[in-house]
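What follows is one structure encoded as structure tokens, with my remarks underneath.
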Amino acid sequence: MEKRAEKELINLIKIATERELNPDDFAGICESVNVVKMYYDLAFDSEGYRGLENDTSRFRVFELYSNGKESNLKKKYTYYYNGSEYVHAIIEFEKGIDEEDIDKVTCQILADNIYLLVSRQNMRIMLDFLENNDVLTGIPNLKALTKKYMKCTCKNHDADYVVIYGNVKNFKYVNDRGGVHLGDYAMAALAQKLTKYVKEDEGVCRVGGDNFAFFVKRDNLDVLLVKLKSVKVEGLMGMRNGCHKFSFYVGVSDTDVKEFATRIEEASTACIVGKTILKKDLVIFNAELSELISHNNLIVAAFPDALSSGEFEPFFQPKVNMKTGELIGMEALCRWIHNDSAIAADEFIPLLDRKGMIHELDMQILHKTCEYINKWKDLGRKIPIVSVNFSKKNIFVPDIEKLIVSTIKKQGIDLSMIEIEITETAKESEIDRLIEFVHNLKMQGIRISIDDFGTGYSSLSLIHNIDADEVKIDKSFVQKLGSDEKANILIESIISIAERLGMQVIAEGVETVEEGKKLLEMGCVNAQGFFYGHPLSHKDMSRLLAAPSFEIIDAE
Numbered sequence: 001m002e003k004r005a006e007k008e009l010i011n012l013i014k015i016a017t018e019r020e021l022n023p024d025d026f027a028g029i030c031e032s033v034n035v036v037k038m039y040y041d042l043a044f045d046s047e048g049y050r051g052l053e054n055d056t057s058r059f060r061v062f063e064l065y066s067n068g069k070e071s072n073l074k075k076k077y078t079y080y081y082n083g084s085e086y087v088h089a090i091i092e093f094e095k096g097i098d099e100e101d102i103d104k105v106t107c108q109i110l111a112d113n114i115y116l117l118v119s120r121q122n123m124r125i126m127l128d129f130l131e132n133n134d135v136l137t138g139i140p141n142l143k144a145l146t147k148k149y150m151k152c153t154c155k156n157h158d159a160d161y162v163v164i165y166g167n168v169k170n171f172k173y174v175n176d177r178g179g180v181h182l183g184d185y186a187m188a189a190l191a192q193k194l195t196k197y198v199k200e201d202e203g204v205c206r207v208g209g210d211n212f213a214f215f216v217k218r219d220n221l222d223v224l225l226v227k228l229k230s231v232k233v234e235g236l237m238g239m240r241n242g243c244h245k246f247s248f249y250v251g252v253s254d255t256d257v258k259e260f261a262t263r264i265e266e267a268s269t270a271c272i273v274g275k276t277i278l279k280k281d282l283v284i285f286n287a288e289l290s291e292l293i294s295h296n297n298l299i300v301a302a303f304p305d306a307l308s309s310g311e312f313e314p315f316f317q318p319k320v321n322m323k324t325g326e327l328i329g330m331e332a333l334c335r336w337i338h339n340d341s342a343i344a345a346d347e348f349i350p351l352l353d354r355k356g357m358i359h360e361l362d363m364q365i366l367h368k369t370c371e372y373i374n375k376w377k378d379l380g381r382k383i384p385i386v387s388v389n390f391s392k393k394n395i396f397v398p399d400i401e402k403l404i405v406s407t408i409k410k411q412g413i414d415l416s417m418i419e420i421e422i423t424e425t426a427k428e429s430e431i432d433r434l435i436e437f438v439h440n441l442k443m444q445g446i447r448i449s450i451d452d453f454g455t456g457y458s459s460l461s462l463i464h465n466i467d468a469d470e471v472k473i474d475k476s477f478v479q480k481l482g483s484d485e486k487a488n489i490l491i492e493s494i495i496s497i498a499e500r501l502g503m504q505v506i507a508e509g510v511e512t513v514e515e516g517k518k519l520l521e522m523g524c525v526n527a528q529g530f531f532y533g534h535p536l537s538h539k540d541m542s543r544l545l546a547a548p549s550f551e552i553i554d555a556e
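UniProt numbering puts the sequence shown at residues 1 to 556.
Below, the structure written as structure tokens:
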């Protein structure tokens, strides 16, 4: 390499370490070797180069230097990444320069530097992209949406914006049907469609996972909410008809708060409460929701200490044969005794279930139930079968069947005395594991009861595939006896099907003689509910077991 070219190259490298290079910086080195133009072609794959570029052009040309002079000789140097062509570094020489006039070492060094500079340029583009965009979908991220919200509200102080947080319903179904690749494609396509729902002075972003955030003017809110009820995405191979209609759980912040972060938090809180607690598609944030969240946070924080100090107790509710008045069983229901007062089960059980903390509670209730059975045995009580509730979350706990069996056996309790109650509302993705779970426990001699039967979407399929011993008719059907002909037909059907399959039927939530009579007329003999008693402490149940006596209901 000639001394001038070497000097210019050293100078160029020094500048590159201090700041970003511009075309003038290349003049010295290019003139020293008679180069009139340097640039690169960035090769794209067949799907475009998402993440660096938003367009779909096959190549992108980036010019590093040009002095405008003519050229009749061009040299191309190709660089590879993961076995594919990545960059073509192009050097064009001054007119009149021939192949034998070129210093090949110097030109190779120039080409290598072009490649390095390209990599640096692409890194900057990528970092800029990642700072403000969601990588998977290419739409803005929360940081970019926040900036746009601030810009729009500063520009128009009188603009009345509403902030929305949306969670895609059951997106897992798409992943289950077509795999992660289809899920990613569907998410990107859905995101691009959502960008068409907002105007220029509004915004949308992907927050992460299957969550999106919007800010729109109030007069566009109703239009957006209607659209979010059904967003059709096409081109989904593996889905029925190659498409899928997505819908959202939606939370809305309609407050006067100007801080975008606070409004996003309000909208997301409303969305989460609607999805997990209120079971509503649309919830607007208010002060009551804030209090509810604070209360739930206190419960979650108090749970570990309450569990270790034994504040959770099983209370036992009788199961009775209405024809004979005989006690045929009892259900262990969890109660939280805190500071000498009881916390309602519906305040903490669904919450702990959602938070993934229910397993420890279920196991403790099983353990204490076995302890009380032993105490009753020591007193000479005749003890019927005792059922214990288990959340479906437990079926995915490693070796859960062994844990249940060992807990019962350690207490010296006959496995046939325990019945495990599982809720009927199983998702499609849970069915195979649920069938296996039930089979493994049945093989050990433990009875299985299907709770809340009739409330899910797969009742007949479940009762056909799961070898249960007992089916419990949900109290929501019992409460409609006599006033809702459809409820009557459903109850009669459940009783008929269960009996033909050799399963015992018990009606939950029986509170009056009239309900008992109607059930007996339909062929349901067994009942559980306030008519036969509220859940009792182990001491009160011990007294009841000494001389069990329940009212007999005569069917007319």
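Glycine included, each C-beta is placed from N, C-alpha and C at the ideal position. Owing to the predicted nature of the structure, the values given are computational and were not obtained by experimental measurement.
Other residues of its chain near aspartate 469: CB distance less than 6 Å, five sequence neighbours each side excluded:
Numbered from 1 along the sequence shown, position 469 holds the residue referred to as residue 469. The answer, listed in chain order, is Arg447, Ile448.
Assuming contact is defined by CB atoms lying nearer than 9 Å, are isoleucine 495 and isoleucine 466 in contact in what I supplied?
Taking the first residue of the sequence shown as 1, we reach residue 495 at position 495. Taking the first residue of the sequence shown as 1, we reach residue 466 at position 466. No, the Cβ-Cβ distance between isoleucine 495 and isoleucine 466 is not below 9 Å.
Just how far apart, CA to CA, sit glutamate 511 and glutamate 360?
As a first step, residue 511 must be located in the sequence shown, where it is residue number 511. As a first step, residue 360 must be located in the sequence shown, where it is residue number 360. Those two C-alpha atoms are separated by around 32 Å.
Quick check on the DSSP output: what are the complete alpha helix (DSSP H) runs of length 4 or more inside the segment 294-374, in order along the chain?
345-354
Any idea what DSSP makes of methionine 522, helix, strand or coil?
The count along the sequence shown starts at 1 and reaches residue 522 at position 522. Helix.
Backbone CA spacing between threonine 324 and proline 548 [nearest angstrom]:
Translated into positions along the sequence shown, residue 324 becomes position 324. Translated into positions along the sequence shown, residue 548 becomes position 548. Between threonine 324 and proline 548, the C-alpha separation is close to 12 Å.
Could you spell out where the alpha helix (DSSP H) holding arginine 263 opens and where it closes?
As a working mapping, residue 263 is identified with position 263 in the sequence shown. Element bounds for arginine 263: 260-273.
On the DSSP bridge assignment, give the partners of tyrosine 532 in chain order.
As a working note, residue 532 is residue 532 in the sequence shown. Paired residues: none, contrary to the question.
Apart from the five residues on each side of it in sequence, which residues of its chain come closer than 7 Å, Cβ to Cβ, to phenylalanine 477?
Working through the sequence shown from its first residue, we reach residue 477 at position 477. The residues are Gly454, Ala487, Leu490, Ile491.
Just the Cα atoms here: how many angstroms apart are aspartate 134 and leucine 462?
Looking up residue 134 in the sequence shown gives position 134. Looking up residue 462 in the sequence shown gives position 462. Aspartate 134 and leucine 462: Cα-Cα distance of roughly 40 Å.
Cβ shell of glutamine 364 (< 7 Å), same chain only, five flanking positions each side left out
Counting from one through the sequence shown, the residue named residue 364 turns up at place 364. Correct list, in chain order: Leu307, Phe312.
Stretch-stretch touch, CB-based, cutoff 8 Å, three pairs: the segment 386-404 with the segment 435-446:
yes
Under a Cβ-count criterion, where at least 16 other Cβ atoms within 10 Å of its own Cβ denotes burial, should cysteine 271 be classed as buried or exposed?
Taking the first residue of the sequence shown as 1, we reach residue 271 at position 271. Its Cβ being crowded by 16 or more others within 10 Å, cysteine 271 is buried.
Do you know offhand how far valine 273's Cα is from lysine 279's?
The residue you call residue 273 lines up with position 273 of the sequence shown. The residue you call residue 279 lines up with position 279 of the sequence shown. Going from the Cα of valine 273 to the Cα of lysine 279 covers about 8 Å.
Using DSSP's beta-bridge definition, name the partner residues of arginine 447.
Locating residue 447 in the sequence shown gives position 447, where the first residue counts as 1. Answer is Glu419, bridged to arginine 447.
If you check the beta carbons only, do serine 391 and aspartate 346 fall under 9 Å apart?
Sequence index remark: in the sequence shown, residue 391 carries index 391 (1-based). Sequence index remark: in the sequence shown, residue 346 carries index 346 (1-based). Contact: no.
In this structure, how does DSSP classify proline 23 when only helix, strand and coil are distinguished?
Looking up residue 23 in the sequence shown gives position 23. Residue state, collapsed to three classes: helix.
What three-state label does DSSP hand alanine 213 in the structure shown?
Within the sequence shown, residue 213 is the residue found at index 213, counting from 1. Correct three-state label for alanine 213: strand.
Option nearest glycine 445 by Cα separation, candidates Met417, Asp432, Asp452
Indexing the sequence shown from 1 puts residue 445 at position 445. It is Met417 whose Cα lies nearest to the Cα of glycine 445.
Spell out whether any CB of chain B is found under 9 Å from the CB atom of isoleucine 463.
Given the protein chain composition of this structure (a single chain), no chain B is represented.
Look at the alpha carbon of alanine 111 and the alpha carbon of isoleucine 91, and state the distance between them as a whole number of angstroms.
The residue labelled residue 111 in the question sits at position 111 within the sequence shown. The residue labelled residue 91 in the question sits at position 91 within the sequence shown. Answer to the nearest angstrom: the Cα atoms are 8 Å apart.
contact_flag[the segment 209-218, the segment 137-156] where n(CB pairs < 8 Å) is 3 or more
yes
For glycine 183, count neighbouring C-beta atoms within 10 Å of its own C-beta (all shown protein chains included) and say buried if the count is 16 or more, exposed if not.
Within the sequence shown, the letter at position 183 stands for residue 183. Answer is buried; the Cβ neighbour count reaches 16.
Classification of valine 223 by the beta-carbon crowding that lies within 10 angstroms, buried from 16 upward
Walking along the sequence shown from the start, residue 223 turns up at place 223. Flag for valine 223 reads exposed.
Would you grab the beta carbon distance between glutamate 70 and lysine 95 for me? Rounded to a whole angstrom, and I think it's under 8 Å.
Residue 70 sits at position 70 when you count from the first residue of the sequence shown. Residue 95 sits at position 95 when you count from the first residue of the sequence shown. With a Cβ gap of about 5 Å, glutamate 70 and lysine 95 count as contacting.
The beta strand (DSSP E) enclosing serine 387, as first and last residue numbers
By one-based count along the sequence shown, residue 387 stands at place 387. Note, serine 387: beta strand (DSSP E), 385-389.
How do the segment 252-261 and the segment 229-243 stand: do at least 3 beta-carbon pairs fall below 8 Å, yes or no?
no
Should leucine 73 and isoleucine 102 be called a contact, given that it needs their Cβ atoms to be closer than 9 Å?
Here residue 73 corresponds to residue number 73 of the sequence shown, with the count starting at 1. Here residue 102 corresponds to residue number 102 of the sequence shown, with the count starting at 1. Their beta carbons are under 9 Å apart, which means leucine 73 touches isoleucine 102 by this criterion.
Pick out the complete alpha helix (DSSP H) segments inside the segment 118-190, 4 residues or longer, and give them in chain order.
142-155
DSSP state of isoleucine 242, grouped into three classes?
The count along the sequence shown starts at 1 and reaches residue 242 at position 242. Note that residue 242 corresponds to glycine in the displayed sequence, not to isoleucine. If DSSP states are grouped into helix, strand and coil, glycine 242 belongs with the helices.
Look at the alpha carbon of glycine 516 and the alpha carbon of alanine 527, and state the distance between them as a whole number of angstroms.
The count along the sequence shown starts at 1 and reaches residue 516 at position 516. The count along the sequence shown starts at 1 and reaches residue 527 at position 527. Roughly 8 Å separates the two Cα atoms.
With a cut-off of 8 Å on the beta carbons, I'd call methionine 330 and valine 386 a contact; round off their distance for me.
Along the sequence shown, one-based indexing puts residue 330 at 330. Along the sequence shown, one-based indexing puts residue 386 at 386. That belief holds up - the Cβ atoms of methionine 330 and valine 386 are roughly 5 Å apart, short of 8 Å.
State the DSSP-derived secondary structure class of threonine 78, mapped to helix, strand or coil.
Counted from its first residue, the sequence shown places residue 78 at position 78. In this structure, threonine 78 counts as strand in the three-state DSSP scheme.
Of the residues Gly28, Phe129, Glu499, the one placed nearest histidine 464, counting alpha carbons only
What you label residue 464 is simply residue 464 of the sequence shown in a count that begins at 1. Closest option to histidine 464, Cα to Cα, is Glu499.
DSSP state of glycine 516 mapped onto helix, strand, coil:
Residue mapping note: residue 516 aligns to position 516 of the sequence shown, counting from 1. Helix at glycine 516.
On the three-state DSSP scale, how would you describe serine 66?
Taking the sequence shown and counting its residues from 1, the one referred to as residue 66 is at position 66. Strand at serine 66.
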